[in-house]
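Terminal number for the sequence shown in UniProt numbering: 739, no gaps in between.
A virtual CB, placed ideally from N, CA and C, is assigned to each residue, including glycine.
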Amino acid sequence: MTFFVFFSIYLYSNFDLPSIHQIEYYAHLDEAELTPVSLNKLPYAPLEPKIRGMLKNYYGYLPYWIDTLYYQYFQMELLTHISYFSVGIDPSTGGLGSIPNASRFYKIRDYAHPRGVRIHMTFTIFGNTNVSNFLNNTTARNNAVNNIRNFMTNYGCDGANIDFEFVTSAVRDSFNRFINDLAYALWNHPGGRKELYMATPAVPEWYPGYDFAYLGSHSDGLFIMAYDFHYSGSSIAGPVSPCVPSSFWGQYCVAKSIGSYKVYGVSGSKIVLGLPYYGYDWPTVSGDMGSSTTGTGSAVIYYYAFQNANTYGRIWDNYSQTPWYRYNSGSWHQCWYDDSVSLDIKFGMVNDSLLQGAGCWALGYDRSYDHIWNAIRRRFWIEPPLRHWTVEANIDSLNVRDGPGTNYRIITEARIGTRFVSFDYYYNQGVYWYKVYFPSASGPYYAWMSGGDGTNLQYMKGTTGNKIIRINASLTDVRDGPGNSYPLITQVANGQVFVSDSFSGNWARIYLQLTDYPRGWVYTPYTIITNPEDYNTYDCSIQSITYPSSVNSMDTFNITIRIKNTGYGPFDTLVYLKGTGRSPFYNPSTWKDTTRAKLTGFWGLPGQVFYNYSKFRAPNVSNQTTVADTFRFERNGNLFGPQIIISIIVNPVGITERNVTEFLDLQNIGTIFRRGLELRITEIDEGEISLYNILGARVEHQIIDNEGIVAGKDLKPGVYFLVLKFKNQTIRKKIVKIE
1 MTFFVFFSIY
11 LYSNFDLPSI
21 HQIEYYAHLD
31 EAELTPVSLN
41 KLPYAPLEPK
51 IRGMLKNYYG
61 YLPYWIDTLY
71 YQYFQMELLT
81 HISYFSVGID
91 PSTGGLGSIP
101 NASRFYKIRD
111 YAHPRGVRIH
121 MTFTIFGNTN
131 VSNFLNNTTA
141 RNNAVNNIRN
151 FMTNYGCDGA
161 NIDFEFVTSA
171 VRDSFNRFIN
181 DLAYALWNHP
191 GGRKELYMAT
201 PAVPEWYPGY
211 DFAYLGSHSD
221 GLFIMAYDFH
231 YSGSSIAGPV
241 SPCVPSSFWG
251 QYCVAKSIGS
261 YKVYGVSGSK
271 IVLGLPYYGY
281 DWPTVSGDMG
291 SSTTGTGSAV
301 IYYYAFQNAN
311 TYGRIWDNYS
321 QTPWYRYNSG
331 SWHQCWYDDS
341 VSLDIKFGMV
351 NDSLLQGAGC
361 WALGYDRSYD
371 HIWNAIRRRF
381 WIEPPLRHWT
391 VEANIDSLNV
401 RDGPGTNYRI
411 ITEARIGTRF
421 VSFDYYYNQG
431 VYWYKVYFPS
441 ASGPYYAWMS
451 GGDGTNLQYM
461 KGTTGNKIIR
471 INASLTDVRD
481 GPGNSYPLIT
491 QVANGQVFVS
501 DSFSGNWARI
511 YLQLTDYPRG
521 WVYTPYTIIT
531 NPEDYNTYDC
541 SIQSITYPSS
551 VNSMDTFNIT
561 IRIKNTGYGP
571 FDTLVYLKGT
581 GRSPFYNPST
591 WKDTTRAKLT
601 GFWGLPGQVF
611 YNYSKFRAPN
621 VSNQTTVADT
631 FRFERNGNLF
641 GPQIIISIIV
651 NPVGITERNV
661 TEFLDLQNIG
671 TIFRRGLELR
681 ITEIDEGEIS
691 LYNILGARVE
701 HQIIDNEGIV
711 AGKDLKPGVY
721 FLVLKFKNQT
731 IRKKIVKIE
């Protein structure tokens with residue numbers, strides 16, 4: 001405890017100490033070939049969609065000194081972001097420095113983009129004085145914003161990372177302004193939205209120059225440098241990134257950093273927990289834990305730390321939950337580092353604390369070892385069931401066959417409502433056949449079911465929101481109840497996938513489709529649980545669309561769409577017609593909101609042709625008007641399919657043609673009128689209308705009856721307020737006379 005308290009006080013009073021980022025940046029400069037930043041757009045491989053298997057973001061810094069030889073070991077499916085390190089900012093002008101080893105940057109960008117990994121560039125200013133001079137210079141700040149924005153364009157970057165070490169309290173507001181301006185420039189980039197991340201210190205209490213809540217809300221993420229709790233110049237050898245507080249090392253640790261950021265107002269969704277792929281080797285007085293150092297520590301990357309620990313003996317520290325080793329080569333040395341075990345603990349904190357993700361300093365430090373990659377995969381990866389979707393028997397006694405046709409053997413019959421996991425289909429003699437998983441103890445076994453054509457024959461329909469059980473053990477028992485004491489029904493093999501409809505503890509009930517056992521239970525630790533539509537690509541083509549050529553004001557009308565599902569997910573209740581903004585056809589009784597129209601009809605499977613329907617409402621118009629809006633299909637915020645343009649002639653209709661029930665709808669009274677506002681109330685004896693000018697003076701009052709009146713015909717053009725009273729009802733509305 002004494003050791004760590006001393007260290008904490010010393011670091012707090014010297015928070016301008018260089019981080020590992022800064023130390024290594026300068027240490028390797030003699031290895032760098034510097035290329036001036038181009039002012040012209042250069043060719044680059046475009047970013048492709050990411051195969052969605054990561055539960056969390058994983059953000060890796062890639063230093064310029066990492067040889068491209070080691071890029072081959074990056075498991076790209078486990079990375080969401082790579083930030084190349086780094087390009088400096090001139091604090092006096094805001095100009096950008098050279099790109100170190102630019103060929104390496106080009107290589108990783110064009111290697112990562114086709115694999116869906118976003119590429120950022122890190123922009124750095126090191127030293128408190130340099131940071132303060134830059135932030136106090138409005139011209140330099142503005143230049144830097146423009147230069148970074150242009151860099152995104154010219155180099156095909158997907159975002160920027162700001163690493164200023166460090167920001168003092170004197171320039172706190174200036175840093176906020178810089179980040180605000182940069183975020184606006186990147187988020188509104190002409191080439192499409194770009195991301196903004198920042199490197200931030202591990203202990204926010206020690207850095208009053210950072211308005212953490214503001215920075216979190218004005219960026220896409222804060223990368224907490226949750227390392228260097230013991231640094232190269234520490235007087236005590238100890239853990240670089242302690243997991244938890246302890247009586248020996250004190251309160252400051254990774255767990256406290258996460259909690260402190262949340263206390264300072266940063267949402268977990270904006271926190272990336274940055275972790276070390278390195279350690280420090282210090283010369284020490286002794287080999288005992290807590291020994292004083294006798295000199296400066298040297299950074300040791302994970303690749304060598306792992307080898308040395310095997311040589312000298314890996315020691316586990318229960319206080320910090322990190323490993324270390326010691327050796328005596330004429331004098332004592334201690335090396336404290338992180339390995340896959342300690343990092344796995346921290347990855348667990350990311351999940352438990354609902355953080356955006358984790359990250360590392362730095363990619364390539366593990367070289368060819370896959371230990372850390374395996375920990376990342378264990379914690380953050382779900383094997384995506386590509387091209388998997390769920391189907392449901394839509395008729396009773398639907399045959400399950402050996403192949404895609406009626407000439408194949410019948411294996412069993414599926415009851416109505418039985419659900420299967422499908423991943424392929426085949427068109428045969430006017431109907432679509434769907435390949436589904438069928439239980440087997442000898443490996444993945446498949447069967448075929450007819451789904452019909454989707455229009456006239458609807459033997460199967462799509463169903464979503466299901467939990468999918470993928471068997472992850474070589475062989476798994478299926479039992480008649482949720483426990484090993486229940487009778488064994490059958491066994492299923494690795495790779496098979498089933499729909500689950502119920503859970504009990506660590507057991508999941510799955511659809512079996514066996515004649516005597518329509519369902520059975522499997523032990524979930526031997527499975528992977530997913531939701532297939534989270535990974536499937538939705539798409540479609542439009543074969544026809546019908547609706548009236550003209551309607552009257554405020555009339556509802558039907559849209560009929562003949563759709564071919566060309567994607568890999570069934571249509572469902574989460575699919576809407578999405579307009580470009582507030583739609584003039586908004587129908588409050590049948591729409592999700594003012595931009596999204598609900599659909600009804602058949603939930604077509606991949607390959608099927610089917611009909612969906614929607615009910616629109618014409619807007620209120622004073623003259624015959626052609627009204628149009630453009631729509632696309634939307635599911636969970638993702639647009640798909642071609643544009644659908646609805647264009648229809650809307651004819652004006654006097655209020656006299658509507659009965660009192662319709663009249664109670666405020667939208668039946670036009671906001672804008674010309675010569676006069678025609679009003680007639682049916683089904684009651686009388687009502688009254690008052691018009692007020694913008695000063696609140698009543699300028700007209702009339703009694704309305706079945707004969708009707710024309711209100712406002714003698715008023716000048718302008719804004720008026722209408723108050724209509726009848727049958728214990730009062731309607732208030734702002735109206736505008738335009739001539």
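* Report yes or no: do the region 335–347 and the region 268–288 share at least 3 C-beta pairs separated by less than 8 Å? => yes
* To do: Give the DSSP-derived three-state secondary structure of Asn399 in the structure shown.
  => As a first step, residue 399 must be located in the sequence shown, where it is residue number 399. The answer is strand: DSSP assigns Asn399 an E or B state.
* Gly259 - DSSP class collapsed to helix/strand/coil -> Counted from its first residue, the sequence shown places residue 259 at position 259. Looking at Gly259 - three-state DSSP - the assignment turns out to be helix.
* Asked: What is the DSSP secondary structure of Tyr517, reduced to helix, strand or coil?
  -> Within the sequence shown, the letter at position 517 stands for residue 517. Coil at Tyr517, not helix or strand.
* Whole-angstrom distance between Leu724 and Asp593, CA atom to CA atom -> Taking the first residue of the sequence shown as 1, we reach residue 593 at position 593. Taking the first residue of the sequence shown as 1, we reach residue 724 at position 724. Roughly 28 Å separates the two Cα atoms.
* To do: Could you check how far apart the C-beta atoms of Asn317 and Pro239 are, in whole angstroms? I think they sit under 8 Å.
  => As a position in the sequence shown, residue 317 is number 317, starting the count at 1. As a position in the sequence shown, residue 239 is number 239, starting the count at 1. According to the sequence shown, residue 317 is Asp rather than Asn. About 7 Å separates the CB atoms of Asp317 and Pro239; that is less than 8 Å, so the two are in contact.
* Who does Arg378 pair with in a DSSP beta bridge? -> Numbered from its first residue, the sequence shown carries residue 378 at position 378. According to DSSP, Arg378 bridges with nothing at all.
* To do: Would you mind reading off the limits of the beta strand (DSSP E) that contains Gly579?
  => For the purposes of this step, residue 579 is identified with residue 579 of the sequence shown, where counting begins at 1. Counting along the chain, the beta strand (DSSP E) containing Gly579 begins and ends at 575–579.
* Contacting residues, own chain, Cβ-Cβ under 6 Å from Ile645 (five flanking each side not counted) -> As a first step, residue 645 is located in the sequence shown; it is residue number 645 there, counting from the start. Around Ile645: Thr630.
* To do: Just tell me which of Thr566, Thr560, Glu634 has its CA closest to the CA of Tyr576.
  => On the sequence shown, position 576 is the one that residue 576 refers to. Among Thr566, Thr560, Glu634, the Cα nearest to that of Tyr576 belongs to Glu634.
* Collapsed DSSP secondary structure at Pro63 in the structure displayed -> If you number the sequence shown from 1, residue 63 lands on position 63. Residue state, collapsed to three classes: strand.
* Quick one: residues in its chain with C-beta nearer than 6 Å to the C-beta of Gly403, no 5 flanking neighbours on either side, listed in chain order? => As a first step, residue 403 must be located in the sequence shown, where it is residue number 403. So the qualifying residues of the chain are Trp448.
* Asked: What residues in its chain sit with their C-beta under 7 Å from that of Pro525, if we drop five residues either side in the sequence?
  -> Taking the first residue of the sequence shown as 1, we reach residue 525 at position 525. Answer for Pro525: Asn506, listed in chain order.
* Mind listing, in chain order, the continuous beta strand (DSSP E) runs of no fewer than 3 residues lying wholly within the region 168–227? => Listed in chain order, the complete beta strand (DSSP E) runs (minimum 3 residues) inside the region 168–227 are 195–200, 221–225.
* Which full runs of the beta strand (DSSP E) of 3+ residues lie inside the region 315–348, going along the chain? -> Every beta strand (DSSP E) stretch that sits fully inside the region 315–348 and reaches 3 residues is listed by chain position as 315–317, 322–328, 332–336.
* Excluding five sequence neighbours on each side, which residues of the same chain lie with their C-beta closer than 6 Å to the C-beta of Arg367? -> As a first step, residue 367 is located in the sequence shown; it is residue number 367 there, counting from the start. Around Arg367: Tyr70, Tyr303.
* **Where Tyr302 falls: helix, strand or coil (DSSP)** => Position 302 of the sequence shown, counted from the first residue, corresponds to residue 302. Tyr302 falls in the helix class under three-state DSSP.
* To do: Say whether the region 151–167 touches the region 180–198, bearing in mind that this needs 3 or more beta-carbon pairs closer than 8 Å, one atom from each stretch.
  => yes
* In the structure shown, what three-state DSSP assignment does Met460 receive? -> For the purposes of this step, residue 460 is taken as residue 460 along the sequence shown, with counting starting at 1. Correct three-state label for Met460: strand.
* Asked: From His701 to Glu688, what does the alpha carbon distance come to, in whole angstroms?
  -> Residue 701 sits at position 701 when you count from the first residue of the sequence shown. Residue 688 sits at position 688 when you count from the first residue of the sequence shown. Cα to Cα, the separation comes out at about 7 Å.
* Asked: Which value, in whole angstroms, describes the spacing of the CA atoms of Tyr437 and Asn472?
  -> To locate residue 437, count along the sequence shown from 1; it is residue 437. To locate residue 472, count along the sequence shown from 1; it is residue 472. Each residue's alpha carbon lies about 15 Å from the other.
* Asked: For Asn536, which beta-bridge partners are listed by DSSP?
  -> Position 536 of the sequence shown holds residue 536. According to DSSP, Asn536 bridges with nothing at all.
* To do: Out of Phe126, Ile119, Tyr64, state which residue places its alpha-carbon closest to the alpha-carbon of Asn101.
  => On the sequence shown, residue 101 is found 101 positions in, with the first residue counted as 1. When only C-alpha atoms are compared, the closest one is Tyr64.
* Please specify which runs of the beta strand (DSSP E), each continuous and at least 3 residues long, are wholly inside the region 591–647, giving them in chain order. => 596–598, 609–617, 625–635
* Report yes if the C-beta distance between Gly359 and Tyr59 is below 8 Å; otherwise report no. => In the sequence shown, residue 359 corresponds to position 359, counting from 1. In the sequence shown, residue 59 corresponds to position 59, counting from 1. Yes, the pair counts as a contact, with Cβ atoms nearer than the cut-off.
* To do: Work out the CA separation of Pro46 and Ser397 for me, nearest whole Å.
  => In the sequence shown, the residue the question calls residue 397 occupies position 397. In the sequence shown, the residue the question calls residue 46 occupies position 46. Cα to Cα, the separation comes out at about 50 Å.
* Can you tell which of Pro482, Arg582, Arg377 has its C-alpha closest to the C-alpha of Ile528? -> As a working note, residue 528 is residue 528 in the sequence shown. The shortest C-alpha separation from Ile528 is found at Arg377.
* Asked: Is the Cβ-Cβ distance between Thr122 and Phe164 less than 8 Å?
  -> In the sequence shown, counting from the first residue as 1, residue 122 sits at position 122. In the sequence shown, counting from the first residue as 1, residue 164 sits at position 164. No. Outside cutoff.
* Apart from the five residues on each side of it in sequence, which residues of its chain come closer than 6 Å, Cβ to Cβ, to Arg141? -> Locating residue 141 in the sequence shown gives position 141, counting from the first residue. Answer for Arg141: Phe178, listed in chain order.
* To do: Please work out which residues of its chain come closer than 8 Å, Cβ to Cβ, to Ser614, disregarding the five sequence neighbours upstream and downstream, and give them in chain order.
  => In the sequence shown, counting from the first residue as 1, residue 614 sits at position 614. These residues qualify, in order along the chain: Asn558, Ile559, Ile561, Leu577, Thr590, Ala597, Lys598, Leu599, Thr600.
* To do: Would you kindly report the start and end of the unbroken alpha helix (DSSP H) that includes residue 742?
  => With the chain covering only 1 through 739, there is no way to say anything about residue 742.
* Can you list, in chain order, the residues of its chain whose CB lies under 6 Å from that of Thr124, leaving out five sequence neighbours each side? -> The residue labelled residue 124 in the question sits at position 124 within the sequence shown. Cβ within range, chain order: Ser86, Gly88, Asp163.
* Asked: How about Ile82 and Ile119: do their beta carbons lie closer than 8 Å?
  -> Stepping through the sequence shown from its first residue, residue 82 is reached at position 82. Stepping through the sequence shown from its first residue, residue 119 is reached at position 119. Yes, the pair counts as a contact, with Cβ atoms nearer than the cut-off.
* Report yes or no: do three or more beta-carbon pairs, one from the region 278–287 and one from the region 253–264, lie closer than 8 Å? => no
* To do: Work out the CA separation of Ser219 and Tyr264 for me, nearest whole Å.
  => Walking along the sequence shown from the start, residue 264 turns up at place 264. Walking along the sequence shown from the start, residue 219 turns up at place 219. So the alpha carbons of these two residues sit roughly 15 Å apart.
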